[in-house]
Amino acid sequence: MNKKLVRQIVVVVAVLAAAQFAQASVIVKEWSFNTLGDKEGWTGANLSTPALTVAAAISGTEIVLQGATGTNTDPRILYPNTEPAIPLPGWATTWESFVIRVRQLDAKPDVSGVASQAWNATGTLLAINSNSTTVIPNNNITQGGRVTQTTQADNWQIFTINLVGFSNTVFDAASSSLSTITSIRFDPIGGTGSENKGFEVDYIRLTAIPEPGTVGLVVAGLFLAALRRRHMRV
Ligand SMILES: [Ca+2]
């Protein structure tokens, strides 16, 4: 056994050990909103014209789920329970996070001169498996301690909302665990001052944490494939 091979084995063992602890997250479901006109099952409520659609963003290169508010100050986007439910995969130990890249617009998206605006958290919320009762967190997604907010250029926000340890007693008092996601409600803007404005959602993701053994197998598989490629080249 040459030194190089020993070194490679040491590396793979180290990577496996790290993977066991890292519990890397895996995207279970992604709505990318990259196909014009394809809302990927999402609908709107309390919105106005122009209708919710998937279109080019008002600025930048993104294709987005784009909507307008009217005089109703409680606009929502919904993944309704008439769409396929999203079960927690068998390889996963728990849901990890709900991730959304979103921004607010200072006018309806079809208004000349419309621009993005600094994030106003008023009226924003996330609800899973319960449309109207309990919200995450506290009717304001910048509060509650489970939300990481990253602000990017052009007022894009990435919210990562931690689902670890959440049960449906938070989302929906009627259920006992968050294993299958049947519906999602996200309010991207709201409250006083949200009239005749707009919003854009670049993507939404649900991630889960795999069982450690699964991650190890995946990592080992990738490593062996790389090793094989390397040997074939020699
Ligand atoms: Ca997109």
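Here the sequence shown is numbered in my numbering, starting from 73 and rising by one per residue.
In this text, a Cβ means the ideal position worked out from N, Cα and C, and glycines have one as well.
Here the structure is a predicted model, which means the values were calculated and not measured.
### Message
Tell me the rounded alpha-carbon separation between residue 216 and residue 269.
### Response
The residue labelled residue 216 in the question sits at position 144 within the sequence shown. The residue labelled residue 269 in the question sits at position 197 within the sequence shown. Its pLDDT being 48, under 50, residue 216 is placed unreliably in this model, and the coordinates cannot settle the point.
#### Entry: Cβ distance (whole Å) where residue 281 is taken to contact residue 123 below 8 Å
Taking the sequence shown and counting its residues from 1, the one referred to as residue 281 is at position 209. Taking the sequence shown and counting its residues from 1, the one referred to as residue 123 is at position 51. The beta carbons of residue 281 and residue 123 sit about 37 Å from each other, so the pair does not count as a contact at 8 Å.
### Message
Checking 8 Å against the spacing of the C-beta atoms, do residue 278 and residue 158 come in under that value?
### Response
Taking the first residue of the sequence shown as 1, we reach residue 278 at position 206. Taking the first residue of the sequence shown as 1, we reach residue 158 at position 86. Result yes, Cβ atoms of residue 278 and residue 158 sit closer than 8 Å.
### Message
Below 7 Å, is the gap between the Cβ of residue 136 and the nearest heavy atom of ligand 1?
### Response
For this step, residue 136 is matched to residue 64 along the sequence shown. Checking every heavy atom of ligand 1 against the Cβ of residue 136, one is found closer than 7 Å.
### Coil, strand or helix - residue 181 by DSSP
Sequence index remark: in the sequence shown, residue 181 carries index 109 (1-based). Here residue 181 sits in coil by DSSP.
### Query
How is residue 226 classed by DSSP in three states: helix, strand or coil?
Your numbering for residue 226 matches position 154 in the sequence shown. In this structure, residue 226 counts as helix in the three-state DSSP scheme.
### Message
Please state the DSSP three-state secondary structure of residue 76.
### Response
Here residue 76 corresponds to residue number 4 of the sequence shown, with the count starting at 1. Residue 76 falls in the helix class under three-state DSSP.
### Query
Under the criterion of a Cβ to heavy atom distance below 7 Å, does residue 151 qualify as lining ligand 1?
The residue you call residue 151 lines up with position 79 of the sequence shown. No; taking the cut-off as 7 Å, the Cβ of residue 151 has no heavy atom of ligand 1 nearer than that.
### Task
Note down the Cα distance separating residue 119 from residue 284, rounded to an integer number of angstroms.
The count along the sequence shown starts at 1 and reaches residue 119 at position 47. The count along the sequence shown starts at 1 and reaches residue 284 at position 212. Spanning the two alpha carbons is a distance of roughly 43 Å.
### Query
Cα separation between residue 219 and residue 185?
Residue 219 sits at position 147 when you count from the first residue of the sequence shown. Residue 185 sits at position 113 when you count from the first residue of the sequence shown. So the alpha carbons of these two residues sit roughly 32 Å apart.
### Message
On a Cα-Cα basis, can you pick out the residue from 267, 264, 262, 255 that is closest to residue 170?
### Response
Residue numbering aside, residue 170 sits at position 98 when the sequence shown is read from its first letter. Of the listed residues, the one whose Cα sits closest to residue 170 is 255.
#### Entry: C-alpha gap between residue 151 and residue 174, whole angstroms
As a position in the sequence shown, residue 151 is number 79, starting the count at 1. As a position in the sequence shown, residue 174 is number 102, starting the count at 1. For residue 151 and residue 174, the distance between alpha carbons rounds to 16 Å.
### Query
Excluding five sequence neighbours on each side, which residues of the same chain lie with their C-beta closer than 7 Å to the C-beta of residue 153?
Mapped onto the sequence shown, residue 153 falls at position 81. Answer for residue 153: 254, 255, listed in chain order.
### Message
Quick check: what's the CA-CA separation for residue 265 versus residue 145?
### Response
Sequence index remark: in the sequence shown, residue 265 carries index 193 (1-based). Sequence index remark: in the sequence shown, residue 145 carries index 73 (1-based). Whole-angstrom Cα-Cα distance: 8 Å.
### Residue burial classification, residue 188 (beta-carbon count within 10 angstroms, cutoff 16)
Taking the first residue of the sequence shown as position 1, residue 188 is located at position 116. Buried is the call here.
### Query
Any idea what DSSP makes of residue 284, helix, strand or coil?
Within the sequence shown, numbered from 1, the residue matching residue 284 stands at position 212. DSSP places residue 284 in helix when its eight states are reduced to three.
### Message
Whole angstroms are fine: how far does the CA of residue 155 sit from the CA of residue 223?
### Response
Position 151 of the sequence shown holds residue 223. Position 83 of the sequence shown holds residue 155. Residue 155 has its alpha-carbon roughly 31 Å from the corresponding atom of residue 223.
### Query
Where residue 79 and residue 180 are concerned, what is the direct C-alpha to C-alpha distance, given to the nearest angstrom?
Position 7 of the sequence shown, counted from the start, is the residue given in the question as residue 79. Position 108 of the sequence shown, counted from the start, is the residue given in the question as residue 180. In this structure, the straight-line span from the alpha carbon of residue 79 to that of residue 180 is close to 59 Å.
### Query
Nearest-angstrom Cα distance between residue 147 and residue 96?
Your numbering for residue 147 matches position 75 in the sequence shown. Your numbering for residue 96 matches position 24 in the sequence shown. Their backbone Cα atoms lie some 34 Å apart in a straight line.
### Task
Check whether the Cβ of residue 131 lies closer than 7 Å to any heavy atom of ligand 1, and answer yes or no.
Residue mapping note: residue 131 aligns to position 59 of the sequence shown, counting from 1. No, Cβ of residue 131 sits at least 7 Å from all heavy atoms of ligand 1.
### Message
Nearest by alpha-carbon distance to residue 257: which of 267, 172, 228 is it?
### Response
Stepping through the sequence shown from its first residue, residue 257 is reached at position 185. That would be 172, whose Cα lies nearest to the Cα of residue 257.
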